[in-house]
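See structure below.
Residue numbers (the working numbering): 221 to 513.
And the structure:
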């Protein structure tokens with residue numbers, strides 16, 4: 221197996237793990253900021269133990285790189301809070317797919333922020349993916365919760381695009397594990413007041429409530445899924461990773477069907493076909509570009 225194919229498989233596996241966030245976000249009954257705080261606590265402990273076991277550094281200093289990680293952590297926290305709020309307002313398909321307009325935002329923002337050239341092919345595929353996304357939005361009536369879910373999903377996508385671009389700038393000198401560990405540590409500190417603001421009852425709401433889902437969210441979705449995703453940013457352009465990630469809402473919709481009995485409509489199947497075509501074509505393009513280089 222060549223290196224690039226392995227990297228592509230690693231990215232695809234990360235996307236599969238991350239696709240569980242939609243179902244978990246709908247299932248967990250805690251207030252969203254509390255959910256994100258507990259998610260960060262579980263992830264930071266797991267990542268710390270992994271870094272120590274691998275004898276990797278847990279310190280990146282206090283200079284420019286730390287400032288970038290700090291800012292990107294704020295965007296990641298904003299992304300998670302708006303995304304999980306979207307999941308509470310709408311169903312999994314609508315929330316996930318409105319959030320997954322972020323490849324379009326990334327394709328437009330990456331050349332501006334990183335001073336790189338526009339890739340016309342990726343930009344075109346981004347817009348094709350957007351067509352697939354909007355096939356999954358059944359109603360744009362701004363008086364209902366679905367519309368609020370779409371708006372929050374779009375906002376979550378914007379925050380996510382900024383975060384990924386900032387992380388791309390910082391991956392030259394530091395590994396994905398260390399960077400994700402720092403982000404989880406920062407979010408743990410920033411969000412800990414949520415436990416007091418929402419009067420968290422640890423025994424009732426967690427021990428006898430959502431602890432299994434929170435554990436999966438912190439360990440599988442975040443510590444493993446997001447770390448693999450961050451590591452993939454140094455092997456592909458942010459735009460390529462973003463477009464391939466359009467598989468996530470399709471997988472999330474399938475999980476919601478089997479676990480939450482959310483039945484996808486005919487337009488969901490059409491949207492899934494468009495998204496799969498776009499992701500597959502971008503995968504092929506990325507492999508060919510690597511071969512040429």
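C-beta atoms are modelled at their ideal positions from N, C-alpha and C, and glycine is treated no differently.
Computed from a predicted model, the values in this text were never measured in an experiment.
Can you give me the Cβ contacts of residue 241 inside the same chain, cut-off strictly under 6 Å, excluding the 5 residues immediately before and after it?
441
Would you kindly work out how many angstroms separate the C-alpha atoms of residue 283 and residue 382, rounded to a whole number?
20 Å
The alpha helix (DSSP H) spanning residue 465 covers which residue range?
First-last for residue 465: undefined, no H or E at that position.
Give the C-beta separation of residue 353 and residue 318 to the nearest angstrom, bearing in mind that I take them to be a contact with Cβ-Cβ under 8 Å.
The Cβ separation is near 7 Å, so the contact holds.
Cβ-Cβ separation, residue 486 to residue 470 (assumed contact under 8 Å), whole Å:
About 15 Å separates the two Cβ atoms, so there is no contact after all.
What is the rounded straight-line gap between the Cα of residue 228 and the Cα of residue 467?
A direct Cα-Cα distance of roughly 13 Å separates residue 228 from residue 467.
Tell me the rounded alpha-carbon separation between residue 526 and residue 490.
This structure does not reach residue 526, given that the chain is present from 221 up to 513, and the question cannot be answered.
Within 10 angstroms of its Cβ, does residue 341 collect 16 or more other Cβ (buried), or is it exposed?
With fewer than 16 Cβ atoms within 10 Å of its Cβ, residue 341 is classed as exposed.
Drop a sphere of 10 angstroms on the beta-carbon of residue 384, count the other beta-carbons inside from all chains shown, and report buried for 16 or more, exposed for fewer.
buried
Just tell me which of 430, 463, 473, 454 has its CA closest to the CA of residue 250.
In this structure, 430 is the residue among 430, 463, 473, 454 with its C-alpha nearest to the C-alpha of residue 250.
Please look up how many angstroms separate the CB atoms of residue 443 and residue 266, rounded, as I've assumed it's under 8 Å.
4 Å
Integer Cβ distance of residue 372 from residue 309, believed to fall under 8 Å
Residue 372 to residue 309, Cβ: 6 Å. Contact.
The stretch 272-291 in contact with the stretch 360-370 per 3-pair CB rule at 8 Å:
no
Three or more C-beta pairs closer than 8 Å, one from the stretch 403-420 and one from the stretch 250-264: is that the case here?
yes
Judging by CA-CA distance, which residue of 478, 262, 484, 351 is the nearest neighbour of residue 498?
The residue with the shortest Cα to Cα distance from residue 498 is 351.
Residue 268 - containing alpha helix (DSSP H), residue span
252-273
Label residue 264 either buried or exposed according to how many other C-beta atoms from any shown protein chain fall within 10 Å of its C-beta, with 16 as the threshold for buried.
buried
Quick one: is residue 403 buried, meaning 16 or more other Cβ sit within 10 Å of its Cβ, or exposed?
buried
Environment of residue 452 [buried if 16+ CB atoms lie within 10 Å]
buried
Go through its chain and collect everything with a Cβ distance to residue 465's Cβ below 6 Å, but skip five positions before and after it.
235
C-alpha gap between residue 246 and residue 253, whole angstroms
Each residue's alpha carbon lies about 14 Å from the other.
Have a look at residue 478 and residue 269 and give me their C-alpha separation to the nearest angstrom.
33 Å
Distance, residue 377 Cα to residue 526 Cα:
The question about residue 526 has no answer, for the chain in this structure spans 221 to 513.
In three-state terms, what does DSSP make of residue 234?
helix
If we ignore side chains and look at the alpha-carbon of each, how far apart do residue 261 and residue 408 end up?
6 Å
When the Cα atoms are used, what is the spatial distance from residue 434 to residue 248?
8 Å
Would a C-beta distance cut-off of 7 Å place residue 324 and residue 346 closer than the cut-off?
yes
Taking a contact to mean a Cβ-Cβ separation below 7 Å, would you say residue 379 touches residue 446 in this structure?
no
What's the call for residue 326, buried or exposed, on a 16-neighbour Cβ count within 10 Å?
The residue in question, residue 326, is buried, as its Cβ has 16 or more Cβ neighbours within 10 Å.
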